[in-house]
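Numbered by the working numbering, the letters in the sequence shown go through residues 660 to 985 in order.
Built from N, CA and C at the ideal position, the CB exists for glycine as well.
Keep in mind it's a predicted model, so treat the numbers as computed, not measured.
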Amino acid sequence: MAGNLSNPTFTFNLKIAKFDIHPKAIYPVFMAGALIYVFSLVCNGIILGLIITQRSLHKPMFYILFSLPLTDLIGITVGLPRVLVDILTETNDVYYPTCVFQAFLLHIYACSIPFLLAAMSVDRYIAICKPLRYNSIMTPCKICGIISLAWGLDFVLILVLFSLQSRMVKCKSFITNVYCDNASLLLLSCGGDLTVNNIYGLFITAFIQISSILIQLFSYTQILITCIKQTHADSKVKALNTCIAQIATFSLFEIVSTVAPLSYRIPSISSNAQKICGLMIYTVLPTVNPVIYGMKTKDIRIALLLVLKKYKVSPRKNTFVVKNRK
């Protein structure tokens, strides 16, 4: 790789695109972004904390779900803070190895979501369509296998993607996006043959999308058929409610991941708007996902309420008092 970076016009100290923001709007924009980040950090942290500490959530479904807020934290932490720092300091410098690391983690994040949602849909399919065999099918070993497969496949696909990118000779020093990604890193090359990179990029995009959609389509179709066959209305509602959060998250992911590419193909959209669209997948999903799961997953709501009931704020003192339980 070192040999590919030996061109005299290439430097490790790169310049990166930045938002065109009026000086008076810098602090309001920074504060808004910081509040989004803190909100996401707290909400995803609560979901993770509940799954770790509450025995009622020590179930296969939540072992798989644990990966979702974890990857959301990775996505927003890697993507948003450095953009906010650039806005506040009005700088646009980035160190090449840091840029590559950010791009790698952002791609790991974006590609992990479809795999994780597919894994969660399989869990719901077994729980609803084969309830009597659920515990025998979803054993700890199989759960670990499903999670390892989702993360492992994601890691290998992205590792190959960046290995192909690293072989290109670099001779430019400007990142065209406000964050580092594979496409921006490829644009640093000296115009070599990118055919293999483009074909592989299209392949993994198609593979991830098609495999995830097919698995989820099969799972939720079977769940819908099972619900229709149910004679009790309460059973139908309960079964469907367990899937709403996953379906909402998947729909949101597809929307935000489609908006960014489309925005760059519409000339009338401003440069700032295009950059915001590009950031949406790393900000909207990590911010909205924990709210969706907090509102639509009954077990999480109950676990959160039980934790909150353990503590009450004394009206006379500004301290938290633990309720005594017998």
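- Distance from the CA of Lys968 to the CA of Cys800, rounded to the nearest whole angstrom, comes to 35 Å.
- For Tyr970, the three-state secondary structure derived from DSSP is strand.
- The three-state secondary structure of Asn856, taken from DSSP, is helix.
- The beta carbon of Ser843 sits closer than 7 Å to the beta carbons of Ile834, Thr835, Asn836 from its chain, once the five residues preceding and following it are set aside; these are given in chain order.
- Taking a cut-off of 8 Å on C-beta distances, the segment 782-797 touches the segment 719-729, as three or more cross pairs fall below it.
- Ala769 and Ile903 do not touch by the CB rule: their CB atoms are close to 23 Å apart, not below 8 Å.
- Where Leu673 is concerned, the enclosing beta strand (DSSP E) starts and stops at 672-675.
- One alpha carbon belongs to Arg714, the other to Val950, and they sit about 21 Å apart.
- Within the segment 726-799, the runs of beta strand (DSSP E) that reach at least 3 residues and sit entirely inside it are, in chain order, 752-754.
- By a beta-carbon distance limit of 8 Å, Asn841 contacts Ala762. Their separation comes to about 6 Å.
- Note on the segment 910-976: whole beta strand (DSSP E) runs with a minimum of 3 residues are 970-972, in chain order.
- In chain order, Gly734, Val737, Gly738, Tyr838, Cys839, Asp840, Tyr941 place their CB closer than 8 Å to the CB of Leu765, counting only its own chain and leaving out the 5 sequence neighbours on each side.
- Of the candidates Cys788, Thr885, Ala932, the residue whose Cα lies closest to the Cα of Val918 is Ala932.
- If you draw a 10 Å sphere on the C-beta of Phe671, you find fewer than 16 other C-beta atoms in it, and that means exposed.
- The three-state secondary structure of Lys831, taken from DSSP, is coil.
- CA-CA distance, Gly811 to Leu963, rounds to 31 Å.
- Around the CB of Thr854, fewer than 16 other CB atoms lie within 10 Å, so the residue is classed as exposed.
- Note on geometry: alpha-carbon atoms of Thr880 and Ala865 lie some 22 Å from one another.
- Taking the CA atoms as reference points, Ile884 sits about 26 Å from Ile959.
- Pairing Ile805 with Phe912 gives a Cβ-Cβ distance that is not under 8 Å.
- Within a 10 Å sphere around the beta-carbon of Asp752 sit fewer than 16 other beta-carbons, which makes this residue exposed.
- Between Leu732 and Leu709, the C-beta gap is not smaller than 8 Å, which leaves the two residues out of contact.
- When the Cα atoms are used, Ile767 and Ile705 turn out to be separated by approximately 23 Å.
- Under a 10 Å Cβ-count criterion, Met954 is classified as exposed, with fewer than 16 other Cβ atoms of the shown protein chains found around its own Cβ.
- The C-alpha of Pro790 is placed about 52 Å away from the C-alpha of Ser927.
- Rounded to the nearest whole angstrom, the C-alpha separation of Leu847 and Leu938 is 21 Å.
- Here Leu716 has Leu709, Ile710, Asp958, Ile959, Ala962 as same chain residues with Cβ atoms under 8 Å from its own Cβ, once five neighbours each way along the sequence are excluded.
- Bounds of the alpha helix (DSSP H) holding Gly708 are 685-712.
- A distance below 7 Å between beta-carbons, with the five flanking residues on each side excluded, links Thr946 to the following residues of its chain, in chain order: Ile695, Phe698, Ser699.
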